Amino acid sequence: MKAWLFVEGTSDRLGLESLWAAWRGRLREKRHGVAIVPLDNKANLLKRLGHRGAEKLVGHNSDIVVGMPDLYPVQPFVGTEFAHEDATSLKELQTRSVRNALTSTFGISHRRIDAYMERFLPAVFKHDFEMLLLAAKDALRTTLRTTERLGQWRQPVEDQDIERPPKRVVEELFRTKLKKRYLDTRDAPRILRGVTDPSPMLRTDLGRATCPEFIEVLRWLGERFGDPFCTLP
Numbered sequence: 003m004k005a006w007l008f009v010e011g012t013s014d015r016l017g018l019e020s021l022w023a024a025w026r027g028r029l030r031e032k033r034h035g036v037a038i039v040p041l042d043n044k045a046n047l048l049k050r051l052g053h054r055g056a057e058k059l060v061g062h063n064s065d066i067v068v069g070m071p072d073l074y075p076v077q078p079f080v081g082t083e084f085a086h087e088d089a090t091s092l093k094e095l096q097t098r099s100v101r102n103a104l105t106s107t108f109g110i111s112h113r114r115i116d117a118y119m120e121r122f123l124p125a126v127f128k129h130d131f132e133m134l135l136l137a138a139k140d141a142l143r144t145t146l147r148t149t150e151r152l153g154q155w156r157q158p159v160e161d162q163d164i165e166r167p168p169k170r171v172v173e174e175l176f177r178t179k180l181k182k183r184y185l186d187t188r189d190a191p192r193i194l195r196g197v198t199d200p201s202p203m204l205r206t207d208l209g210r211a212t213c214p215e216f217i218e219v220l221r222w223l224g225e226r227f228g229d230p231f232c233t234l235p
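Quick note on numbering: the sequence shown equals residues 3 to 235 in the working numbering.
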């Protein structure tokens with residue numbers, strides 16, 4: 003079995019590969035695989051996910067597919083076929099795109115299509131990929147070379163204010179703590195590579211889930227592989 007995850011950019015791929023390195027190693031021993039495929043940006047992902055996702059579902063009857071665009075921005079898509087306003091409508095958009103491609107491009111009958119769609123998960127990075135860096139605050143603190151207590155941001159970390167999304171928070175921390183610019187393709191994988199035990203980053207100090215949307219992706223993948231990423235809240 004192979005999972006195909008379609009994400010927006012290279013930094014998403016590199017970050018997830020770092021965070022999931024040990025898990026992917028275990029999966030390879032069971033002859034499972036996880037391919038993380040960047041589609042350049044959000045607009046291209048939304049345009050291409052239907053065909054690319056359907057292609058993978060048709061190509062092998064055990065493979066599974068996940069779409070993982072960022073929720074924001076939404077404004078550029080207003081008035082287009084890709085319009086969405088929240089996580090729910092963004093997931094519905096992905097589902098329609100894959101379903102339509104299965105029927106119109108690959109000729110899957112309506113009678114058979116549900117079996118294919120059961121192997122597709124529409125998901126979302128809410129707000130953006132950097133919410134994982136806020137969740138991994140111990141590794142983030144190490145990278146920032148600070149002993150200061152971090153975490154003065156909204157919980158769950160996915161629910162940051164639209165005016166101050168996770169990426170802007172991380173950029174500010176790099177500017178104030180390291181006096182340098184945050185570079186997502188370099189710094190995101192470096193931070194997540196420092197997460198030796200992922201379970202704590204998925205829970206707040208009060209035991210709440212730090213990133214519920216992302217945890218649902220981990221749960222869905224773990225159930226299908228029969229090998230969970232870690233203990234989930």
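The C-beta atom is built at its ideal place from N, Cα and C for all residues, glycine as well.
Being a predicted model, the structure only gives us computed values, none of them experimental.
Short of 6 Å in beta carbon distance, which residues of its chain neighbour residue i, apart from the five on each side in sequence? Order them along the chain.
i    : result
E132 : P168, K169, V172
T148 : K179
T212 : A137, P158, V159, L204, T206
V100 : G52, G55, A56, F122
L18  : I38
Taking all protein chains shown into account, decide if residue i is buried (16 or more other Cβ within 10 angstroms of its Cβ) or exposed.
i    : result
T90  : exposed
T145 : buried
H129 : buried
D163 : exposed
L16  : buried
G69  : buried
R143 : buried
Short of 8 Å in beta carbon distance, which residues of its chain neighbour residue i, apart from the five on each side in sequence? Order them along the chain.
i    : result
R28  : D229
I217 : L204, A211, L234, P235
In the DSSP assignment, find the unbroken beta strand (DSSP E) run with residue i in it and report its ends.
i    : result
V67  : 66–70
I110 : Careful: I110 lies outside any beta strand (DSSP E) and carries neither H nor E.
G35  : 35–40
K4   : 4–9
Starting from the C-beta of residue i, find all residues in its chain whose C-beta is less than 7 Å away, skip the five residues before and the five after it, and write them out in chain order.
i    : result
H53  : A103, T107
V47  : Sequence inspection shows Leu at residue 47; the Val mentioned does not correspond to that position. Counting only Cβ-Cβ distances below 7 Å, and skipping sequence neighbours, we find F8, E10, L41, P71.
W155 : L136, Q162, V171
V64  : In the sequence as displayed, the identity of residue 64 is Ser instead of Val. Around S64: M3.
What is the rounded straight-line gap between the Cα of residue i and the Cα of residue j?
i    : j    : result
A37  : E57  : 14 Å
A239 : R226 : With the chain running from 3 to 235 in the structure shown, residue 239 is simply not present.
R113 : R195 : 44 Å
A45  : L59  : 22 Å
E150 : L175 : 12 Å
I115 : Y74  : 30 Å
R192 : T97  : 33 Å
Grab the span of the alpha helix (DSSP H) containing residue i for me, first residue to last.
i    : result
F227 : 214–227
W25  : 23–31
P168 : 168–175
V60  : 44–61
L135 : 133–137
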